[in-house]
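Asks: Just passing along the structure, written as structure tokens.
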Amino acid sequence: MTDESTELLRSLVYEPGTPPTLHVLDQLLLPGQRVYIPINDVQAAWTAIRDMQIRGAPLIAIVAVLGLAVDLQTTGELDSLNENDATALLALLETKLDYLLTSRPTAVNLFNAVQEVRDVCHRMVLEDDTNTTARQRLLQAVTQHAEFMLERDVQDNQTLSKYGAHELLSKYSSEEQLTLMTICNTGSLATALYGTALGIVRAVRDQHRLAKIIALETRPYNQGSRLTAFELQAEQMPGATLIADSMAAFYCQRHTVHGIVVGADRVCANGDTANKIGTYQLALVARAHQIPFYVAAPFTTLDVTTSTGQECVIEERPAHEFVQTSQAPADMNVWNPAFDITPAPYITGIVTEKGVLHPQANGTFDVRRFVESYG
Ligand code: MRU
């Protein structure tokens, strides 16, 4: 399946039905080719996530749960179980959820999504309802919840982007056109649609206040140059400029940058944030040049069970991915962490769909209280 249209890029195409179908845009082929590949089961979802054919914390979670919905309705595995054997049905569900969790370890969205699906399914399957079988209730729970998550992601991105744009714009006079900087890809390709940090850039653009968006290349996997640059060009974003990661400090020394916006893979209870490798370095640059530094993170990226960044598992990608993209000698020893931790005190605010969370006097954030206040 190919899609050559020039509209806002779609990271996935999901068709509800019996059974539903799911295709994801193979991001490894971008920007050269736009090819959508089918996800017919949990194994295919796992592989697409693990191999980074799809990536970005919100998208990983959504492909996992939609892939599960398609799997349960197409593989026929549920049919081999007694339709009212709740224990066996839930055990099969747990096996698939546990497997999906082994795909990539750092983005908490996947873990939060699995927990949500688990809770909904246990509640519905164990319901005392003589009109439906436990199997029907399981299918309905997974499918409805996966579809709900898909819609919620788009809405949350748009809402948080408005909050983020308002926050940034309120720091400057109404005549000022902003230059923003970002790292990695946090746009339509990292989410169900629109994006988080790149969504904020879109919202500033929609208010006709964007002068320039500076995208970092994002070594070693080049999400900035392959994916963000592609999204920016597709929309003809004003002043879209690509720089190498190593140019960020010098760019900020020579030009006015009004704000740096980044995404997140996990925001800990104290505000420490795991995000794409290079984010911490960018936060240091922001501090040195007194540039507001915002983390865009929907509630699905908040992790109040992890106290600080010290406790985060940071994924290390295979050496060959780094060696190949850097054209190093084949047997060169490398260290290839996919993410880093930005300590909370470097963060000006955490932009969510419920509003912007600001730091306490000591520079850390009370993420738990913020989450609890929204029940
Ligand atoms: O390794 P990736 O490409 O999955 O890393 C993506 C990021 O670090 C993003 O900034 C983060 O997931 C937020 S995407 C809205």
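Using my numbering, the final residue of the sequence shown is 375, and nothing's skipped along the way.
For every residue, glycine included, the Cβ atom is placed at its ideal position computed from N, Cα and C.
None of the values given here were measured: they were computed from a predicted structure.
1) Would you say the beta carbon of F230 is closer than 7 Å to some non-hydrogen atom of the ligand MRU?
2) Nearest to A234 by CA position, among G56, G32, T218 and V371, is which residue?
3) Taking only three categories from DSSP, how would you classify A296?
4) Could you tell me if the beta carbon of N275 falls within a distance shorter than 7 Å of some heavy atom in the ligand MRU?
5) Please return the same chain residues whose Cβ sits closer than 8 Å to the Cβ of R137, not counting the five positions on each side in sequence.
6) By the DSSP assignment, the alpha helix (DSSP H) with N157 in it spans what residues?
7) How about K276 and Q223: are their beta carbons less than 8 Å apart?
8) V285: which of Q253, T305 and R152 sits nearest, CA to CA?
9) Is the Cβ-Cβ distance between I183 and G278 less than 8 Å?
10) Leaving aside the five residues before and after L93 along the sequence, list all residues of the same chain whose C-beta is less than 7 Å from its C-beta, in chain order.
11) Are the beta-carbon atoms belonging to P245 and V267 less than 8 Å from one another?
12) Beta carbon of V261, beta carbon of Y294: below 8 Å?
13) If we call anything under 8 Å between Cβ atoms a contact, is S376 one with N270?
14) Just checking A107 against the ligand MRU - is the residue's beta carbon closer than 7 Å to any of the ligand's heavy atoms?
15) Would the C-beta of Q391 count as close to the ligand MRU, meaning under 7 Å from any of its heavy atoms?
16) Report the option in G76, T186, P38 and T300 whose CA atom is closest to the CA atom of A113.
17) Have a look at A86, T75 and A64 and flag the residue whose alpha-carbon is nearest the alpha-carbon of A107.
18) From T18 to Q73, what does the alpha carbon distance come to, in whole angstroms?
19) Measure the Cβ-Cβ separation of G56 and A190 and say whether it is below 8 Å.
20) Give the C-beta separation of A134 and A165 to the nearest angstrom, bearing in mind that I take them to be a contact with Cβ-Cβ under 8 Å.
21) Where does H258 land, buried or exposed, given buried means 16+ other C-beta within 10 angstroms?
22) Just checking my contact of A211 with L232 at CB under 8 Å: how many whole Å lie between their CB atoms?
23) Which of the three DSSP states is assigned to F339 in this structure?
24) Can you grab the Cα-Cα spacing for the pair T186 / A240, in whole Å?
25) Give me, in chain order, the residues of the same chain whose beta-carbon lies closer than 6 Å to that of G199; leave out the 5 immediate sequence neighbours on both sides.
26) To which residues of the same chain is S326 closer than 7 Å at the C-beta, ignoring the five residues directly before and after it?
27) Please list, in chain order, all residues of the same chain as F230 whose beta carbon is under 6 Å from its beta carbon, the five residues on each side excluded.
28) From this set, Q155, F365, E116 and N131, which residue's C-alpha is nearest Q144's C-alpha?
29) Can you tell which of N109, Q236, I243 and I347 has its C-alpha closest to the C-alpha of P298?
Replies: Taking the geometry as given:
1) In the sequence shown, the residue the question calls residue 230 occupies position 230. No, the Cβ of F230 stays beyond 7 Å of every heavy atom of the ligand MRU.
2) Mapped onto the sequence shown, residue 234 falls at position 234. A234 has its Cα closest to that of G32, out of G56, G32, T218 and V371.
3) Your numbering for residue 296 matches position 296 in the sequence shown. The answer is strand: DSSP assigns A296 an E or B state.
4) What you label residue 275 is simply residue 275 of the sequence shown in a count that begins at 1. The answer is yes for N275.
5) As a position in the sequence shown, residue 137 is number 137, starting the count at 1. Contacts found: M124, V125, E127 and D129.
6) Translated into positions along the sequence shown, residue 157 becomes position 157. Start and end: A134 to L169.
7) The residue you call residue 276 lines up with position 276 of the sequence shown. The residue you call residue 223 lines up with position 223 of the sequence shown. Yes. Within cutoff.
8) Translated into the one-based positions of the sequence shown, residue 285 becomes position 285. Here the closest residue by C-alpha is Q253.
9) On the sequence shown, position 183 is the one that residue 183 refers to. On the sequence shown, position 278 is the one that residue 278 refers to. A contact, by the Cβ cut-off of 8 Å.
10) Translated into the one-based positions of the sequence shown, residue 93 becomes position 93. Only C121 and L138 meet the Cβ criterion.
11) Translated into the one-based positions of the sequence shown, residue 245 becomes position 245. Translated into the one-based positions of the sequence shown, residue 267 becomes position 267. A small correction: the amino acid at residue 245 is Asp; Pro does not occupy that position in the sequence shown. No. Outside cutoff.
12) By one-based count along the sequence shown, residue 261 stands at place 261. By one-based count along the sequence shown, residue 294 stands at place 294. Yes. Within cutoff.
13) Only positions 1 to 375 of the chain appear in the structure, and residue 376 is not among them; the question remains open.
14) Stepping through the sequence shown from its first residue, residue 107 is reached at position 107. For the ligand MRU, at least one heavy atom lies less than 7 Å from the Cβ of A107.
15) Any question about residue 391 goes unanswered here, given that the chain covers just 1 to 375.
16) What you label residue 113 is simply residue 113 of the sequence shown in a count that begins at 1. If we check each option's Cα against that of A113, T300 comes out closest.
17) For this step, residue 107 is matched to residue 107 along the sequence shown. It is A64.
18) Within the sequence shown, the letter at position 18 stands for residue 18. Within the sequence shown, the letter at position 73 stands for residue 73. Between T18 and Q73, the C-alpha separation is close to 7 Å.
19) Locating residue 56 in the sequence shown gives position 56, counting from the first residue. Locating residue 190 in the sequence shown gives position 190, counting from the first residue. Yes, the pair counts as a contact, with Cβ atoms nearer than the cut-off.
20) Taking the sequence shown and counting its residues from 1, the one referred to as residue 134 is at position 134. Taking the sequence shown and counting its residues from 1, the one referred to as residue 165 is at position 165. Going by Cβ atoms, the distance from A134 to A165 rounds to 46 Å, so no, they are not a contact pair.
21) Indexing the sequence shown from 1 puts residue 258 at position 258. Per the 10 Å Cβ criterion, buried.
22) Position 211 of the sequence shown holds residue 211. Position 232 of the sequence shown holds residue 232. That pair is no contact at about 14 Å.
23) In the sequence shown, residue 339 corresponds to position 339, counting from 1. F339 falls in the strand class under three-state DSSP.
24) Numbered from 1 along the sequence shown, position 186 holds the residue referred to as residue 186. Numbered from 1 along the sequence shown, position 240 holds the residue referred to as residue 240. So the alpha carbons of these two residues sit roughly 15 Å apart.
25) Working through the sequence shown from its first residue, we reach residue 199 at position 199. Cβ within range, chain order: N157 and S161.
26) Here the question's residue 326 lines up with position 326 in the sequence shown. Result list for S326: P220, in chain order.
27) Position 230 of the sequence shown, counted from the start, is the residue given in the question as residue 230. Closer than 6 Å at the Cβ level, and outside the excluded window around F230, lie L30 and P31.
28) Residue numbering aside, residue 144 sits at position 144 when the sequence shown is read from its first letter. When each option's Cα is compared against that of Q144, the closest is E116.
29) Here residue 298 corresponds to residue number 298 of the sequence shown, with the count starting at 1. Comparing Cα-Cα distances from P298 to each of N109, Q236, I243 and I347, the minimum goes to N109.
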